[in-house]
Structures are given as structure tokens and as C-alpha cells.
Amino acid sequence: MLCQELTYPSLLVLQKSKLKFLPRQAEQEDSTKFIALTLVSLACILGVLLASGLIYCLRHSSQHRLKEKLSGLGRDPGTDATAAYQELCRQRMATRPPDRPEGPHTSRISSVSSQFSDGPMPSPSARSSASSWSEEPVQSNMDISTGHMILSYMEDHLKNKNRLEKEWEALCAYQAEPNSSLVAQKEENVPKNRSLAVLTYDHSRVLLKAENSHSHSDYINASPIMDHDPRNPAYIATQGPLPATVADFWQMVWESGCVVIVMLTPLTENGVRQCYHYWPDEGSNLYHIYEVNLVSEHIWCEDFLVRSFYLKNLQTNETRTVTQFHFLSWYDRGVPSSSRSLLDFRRKVNKCYRGRSCPIIVHCSDGAGRSGTYVLIDMVLNKMAKGAKEIDIAATLEHLRDQRPGMVQTKEQFEFALTAVAEEVNAILKALPQ
Ligand SMILES: *[C@@H]1O[C@H](CO)[C@@H](O)[C@H](O)[C@H]1NC(C)=O
Ligand SMILES: *[C@@H]1O[C@H](CO)[C@@H](O)[C@H](O)[C@H]1NC(C)=O
Ligand SMILES: CC(=O)N[C@H]1CO[C@H](CO)[C@@H](O)[C@@H]1O
Numbered sequence: 005m006l007c008q009e010l011t012y013p014s015l016l017v018l019q020k021s022k023l024k025f026l027p028r029q030a031e032q033e034d035s036t037k038f039i040a041l042t043l044v045s046l047a048c049i050l051g052v053l054l055a056s057g058l059i060y061c062l063r064h065s066s067q068h069r070l071k072e073k074l075s076g077l078g079r080d081p082g083t084d085a086t087a088a089y090q091e092l093c094r095q096r097m098a099t100r101p102p103d104r105p106e107g108p109h110t111s112r113i114s115s116v117s118s119q120f121s122d123g124p125m126p127s128p129s130a131r132s133s134a135s136s137w138s139e140e141p142v143q144s145n146m147d148i149s150t151g152h153m154i155l156s157y158m159e160d161h162l163k164n165k166n167r168l169e170k171e172w173e174a175l176c177a178y179q180a181e182p183n184s185s186l187v188a189q190k191e192e193n194v195p196k197n198r199s200l201a202v203l204t205y206d207h208s209r210v211l212l213k214a215e216n217s218h219s220h221s222d223y224i225n226a227s228p229i230m231d232h233d234p235r236n237p238a239y240i241a242t243q244g245p246l247p248a249t250v251a252d253f254w255q256m257v258w259e260s261g262c263v264v265i266v267m268l269t270p271l272t273e274n275g276v277r278q279c280y281h282y283w284p285d286e287g288s289n290l291y292h293i294y295e296v297n298l299v300s301e302h303i304w305c306e307d308f309l310v311r312s313f314y315l316k317n318l319q320t321n322e323t324r325t326v327t328q329f330h331f332l333s334w335y336d337r338g339v340p341s342s343s344r345s346l347l348d349f350r351r352k353v354n355k356c357y358r359g360r361s362c363p364i365i366v367h368c369s370d371g372a373g374r375s376g377t378y379v380l381i382d383m384v385l386n387k388m389a390k391g392a393k394e395i396d397i398a399a400t401l402e403h404l405r406d407q408r409p410g411m412v413q414t415k416e417q418f419e420f421a422l423t424a425v426a427e428e429v430n431a432i433l434k435a436l437p438q
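Following my numbering, the numbering of the sequence shown begins with 5 at its first residue and continues without gaps.
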């Protein structure tokens, strides 16, 4: 069963590439040739599946031994911990999956995507979704004592519900200042807002270049979110595009220099539209002067998938690759079922983004509840990774709410953010040499 899980993503990728890249005329031209080709490629696929299954099983058994060793580490005080740790590292290096082999059976679509993407994106088909090693390894320059301090603070916080309740009440009473949102309420902008509660503040909104906009307007319901650099936003929090604002959305992607989009909502929930389907399912779509081409779609696991787009500005003929990370199982006003997959999702986003200076565009439906929770978690963990000695999560959330109203909508979402931060800190500490 585990082995089946392993082969699932690679199969999907292969099917998708066949669907898209097989020339249709060839089918009629020479059917016998085609059948022979199909048989050969089927044999190839079968070979790859068998090989990867075998590799996985081998890896799995060595992991099993590793886990036994790990638990032994904790239990037996007589064990030489340093030696065991070194052995752990060696095994971990040995079990790390090799780079994707370049061969005739490599799926076309992933080679197209790696050709276009300017950052190294590992092919998910080369990694196993069932294996714990397929998750991004935790990486951090976190100060160890800060980590321990934060962990005990968080644990205390999560145990003491009363304290959480009080902190949340204080956050609810918080009033942003300045807080006028007159532009968002202008008559011509009203149809561009999804929610009454989440309107951009006048002092903190993304301004489109009106001359490039299809409606000659600079308004979009999107807020730049600053972290430490007051000039360059680290994120743009925005609502899920409406049919009327999809061209504005791609204009914002273009003008902000964005290369990574984080989408945290399914398109529909219980029949209620959460977000317009703003990308092509196949081939390309034109949104005003922005041509969007779907290059690839990789399903990493049941919780999220990654799409790669080729974006072209038809006015200038410039092009760019944009990667969209789509988290599927987080519902409006709710929290994900576990922090584990969201944390892995975040690591993958940041691995793709690493080293850039453009903002990450984060959206859900209203661009505040789920988006605020994600940004809060990411911002706090990034601060810690940079070695910050003091972390105040509530103050960080107030800082977010100064820039966009409604960031983190419910107490459960706030609690989830605390849990997720604690879990990641725990994972970082575990991965450090003791
Ligand atoms: C907006 O700011 C004013 C003070 O300028 C304050 O009285 C008001 O309550 C604030 N509104 C919100 C929703 O924070
Ligand atoms: C963009 O490309 C088209 C077709 O190749 C060409 O006709 C047009 O002049 C180009 N525009 C610019 C601004 O380079
Ligand atoms: C599509 C649309 O009109 N959405 C909302 C925009 O914002 C106003 C409030 O300012 C809402 O009433 C609209 O429903």
C-alpha cells in the first residue's frame, strides 16, 4: 500500500505530459508505430515503477532501523549519543534520494518545468510522498537557547487556555490607526471587493499602474505586508480574484515582480465560491495584456499541489516563470487538520522562493483569515531562523493588522499559529546536534 502511494504522483505526472504533448496527427498517421511506441513506453514506465518501488522498500527498511536507533537514543542513557548522532547523519545522507535521473523516460512536463524555472525545483516524482524523508528538511540558524525559551513559553501558552483567551480578547480589542479605507469604498471599487469586512486601508494598499489596467484604475483589494524592511513588502495579502478582478490580479503579479503565489483556499466550499479559477487548466489564457501559460502541475500529496506558469506581458514581450503553491484542505474560518502538512508546504514555498527580494503573494478568499495565519507563522519562523532573540507573536499580529484588517480571523486560527510555530521549533531543535 505504501509502495502504491509512492508511485501515485509519478503516474499522474506522466499521464498529464502524455495528454499535453503527444501530437494528435501522429495517431492517425501510423497506428502500428504508435502501438509499438506505447508498448515500449509502458514497459519503460513499468520498469521505473518497479525500480522505484524496490528503492523505496530498501529505504523504508533502513529508515525503520534508523527510527529504532532514534528511540533507543532517548531511552538508553548508556548509549554514546555522539556516535549515534553521527551514524544518523551518515544514514540520512545515504537514504537521501538521488537527483532526478535524466533519461528518455523522464516525463516531458517536468523537464519543461525545470527548463523554465530559474530556481532548482526538485521533481516530486523522484521523491516518495509516503516516506518521511520526502519532506523538506528543517533548516535554520535559530539560536538554541531562544528556541528552548520559545518552546517552553508556547507549551505553557497552549496548556493555559485562560491565558490564550485573554490574549485573544486583547487582540480583538486592538484598533489599527490610521484605519480609513475610503478608496476601497468608492463606488467604482465596490464590485472589486469580495468581503465587506476586509477592505484595504488607504495608507497600505497595492497601487496598480492605472495606465496598464484594463479599467484604468489603480485599485485592487491587496495589501503590502512589511516585515523588517519598510520599503519592500515581504508579502502581498490579497483576496481570491473575482471574475472582474482577475486581470488586475495578474497585473499585480507582474508589476510586483512576484514569482511565488501561495493559495490557501479550495475554489469552492460546500457550493460556495471562494475564489475565481484564475489560471488556465490547460494551455494558455489571456487576461488583458497578460498571457498565462500552464507549464506543469505536480500533486505533492493530498493536501497540496504546485503549478508552474509561464507569464508573458504582451505589451513588452517580457516573460517570467511564476510558481503557485496551492493548499487544498484549509477551509474558511477553520484551521488545517494538522500543522505538519502546512509546515512542509511552507518549507517548499520558501525553498522555491529563497534568495529573492520580491513579495510572496498570499491569498485565500478574503485574504485575511487563512492568509493572515499563514503570514504570521511564516514571519515568526523567519525571524527565528535569522536568530532573533525576542519573539512576540501577539505584537507581530498587531503589526499585521496595522496593514490589513482581519488578519487571523478566529481564536482557533491564532492557536493554530502558536502550535505550528512550537512544532517547527521542536523539529529544528531535534535536528540540531545536541
Ligand atoms: C479607527 O481609528 C479611530 C481613531 O482614529 C478609532 O476611533 C476607531 O475605533 C478605529 N476603528 C477601527 C475599526 O479600528
Ligand atoms: C513582440 O513580439 C511581436 C511578435 O513577435 C512583435 O510583432 C512585436 O513588435 C514585439 N513587441 C515588442 C514591444 O517588442
Ligand atoms: C462583488 C461585490 O460587490 N462585493 C462586495 C464589495 O464590497 C462591498 C462593501 O463595500 C460589498 O457590499 C460587496 O458585496
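C-beta: ideal position from N, C-alpha, C; glycine also.
My assumption, with CB atoms under 8 Å, is that residue i sits in contact with residue j. Please give the rounded CB distance.
i      : j      : result
Thr272 : Gly244 : That pair is no contact at about 11 Å.
Leu318 : Met256 : With a Cβ gap of about 17 Å, Leu318 and Met256 do not count as contacting.
Asp406 : Ala248 : Actually they are not in contact, since the Cβ atoms of Asp406 and Ala248 sit about 28 Å apart, beyond 8 Å.
Glu140 : Asp307 : The pair is not a contact, with the Cβ atoms about 14 Å apart (cut-off 8 Å).
Val310 : Phe329 : 6 Å
Ile365 : Val299 : Ile365 to Val299, Cβ: 18 Å. No contact.
Ser369 : Arg235 : The pair is not a contact, with the Cβ atoms about 29 Å apart (cut-off 8 Å).
His354 : Leu155 : Checking the sequence shown, residue 354 turns out to be Asn, not His. Not confirmed; about 21 Å, so no contact.
Val264 : Tyr378 : The Cβ separation is near 12 Å, so there is no contact.
His207 : Ala214 : Not really, about 19 Å apart at Cβ, beyond 8 Å.
Val250 : Tyr280 : 6 Å
Ala435 : Val210 : Rounded, the Cβ-Cβ distance is 37 Å, inconsistent with contact.
Between which two residues does the beta strand (DSSP E) containing residue i stretch?
i      : result
Asn166 : Looking at the DSSP string, Asn166 is not in any beta strand (DSSP E); the run it does join, the alpha helix (DSSP H), is Lys165 to Ala177.
Glu295 : Tyr294 to Ile303
Met267 : Val264 to Met267
Tyr282 : That residue, Tyr282, is in no beta strand (DSSP E); it is neither H nor E in DSSP.
Ala226 : Ala226 to Ile229
Ala399 : Careful: Ala399 lies outside any beta strand (DSSP E), inside the alpha helix (DSSP H) at Ile397 to Arg405.
Tyr291 : Ser288 to Tyr291
Ala241 : Tyr239 to Thr242
What residue range does the alpha helix (DSSP H) around residue i cover?
i      : result
Ala251 : Val250 to Glu259
Leu436 : No alpha helix (DSSP H) contains Leu436, which DSSP labels as neither H nor E.
Thr377 : Gly373 to Ala389
With burial defined as no fewer than 16 other Cβ atoms inside 10 Å of the residue's Cβ, what is the status of residue i: buried or exposed?
i      : result
Gln29  : Per-residue confidence for Gln29 stands at a pLDDT of 44, beneath the threshold of 50, marking its modelled position as unreliable; the derived number appears in the next sentence. Result: exposed.
Arg337 : exposed
Cys305 : buried
Gly287 : exposed
Lys196 : buried
Gln189 : exposed
Glu428 : buried
Gln413 : buried
Leu186 : exposed
Asn193 : buried
Tyr178 : exposed
Cys176 : exposed
Gly376 : buried
Gly359 : exposed
Asn225 : buried
Val242 : The displayed chain sequence assigns Thr, not Val, to residue 242. With 16 or more other Cβ atoms within 10 Å, it is buried.
Asp382 : buried
Asp252 : buried
Ser312 : buried
Gln278 : buried
Arg167 : exposed
Ala421 : buried
Does the CB of residue i have a neighbour CB from chain B at under 8 Å?
i      : result
Ala421 : Any reference to chain B falls outside this structure, which holds one protein chain only.
For this session: At 4 residues or longer, and completely inside the region 316 to 368: list those alpha helix (DSSP H) runs for me, N to C.
Result: Within the region 316 to 368, the runs of alpha helix (DSSP H) that reach at least 4 residues and sit entirely inside it are, in chain order, 343 to 357.
For this session: With ligand 1 as the reference, list in chain order each residue whose Cβ lies under 6 Å from any of its heavy atoms.
Result: Listed along the chain, these residues meet the criterion: Gln179, Ala180, Glu181 and Asn183.
Exercise. Which residues are close to ligand 2, meaning CB closer than 6 Å to any heavy atom, in chain order?
Worked result: That gives Thr320 and Asn321.
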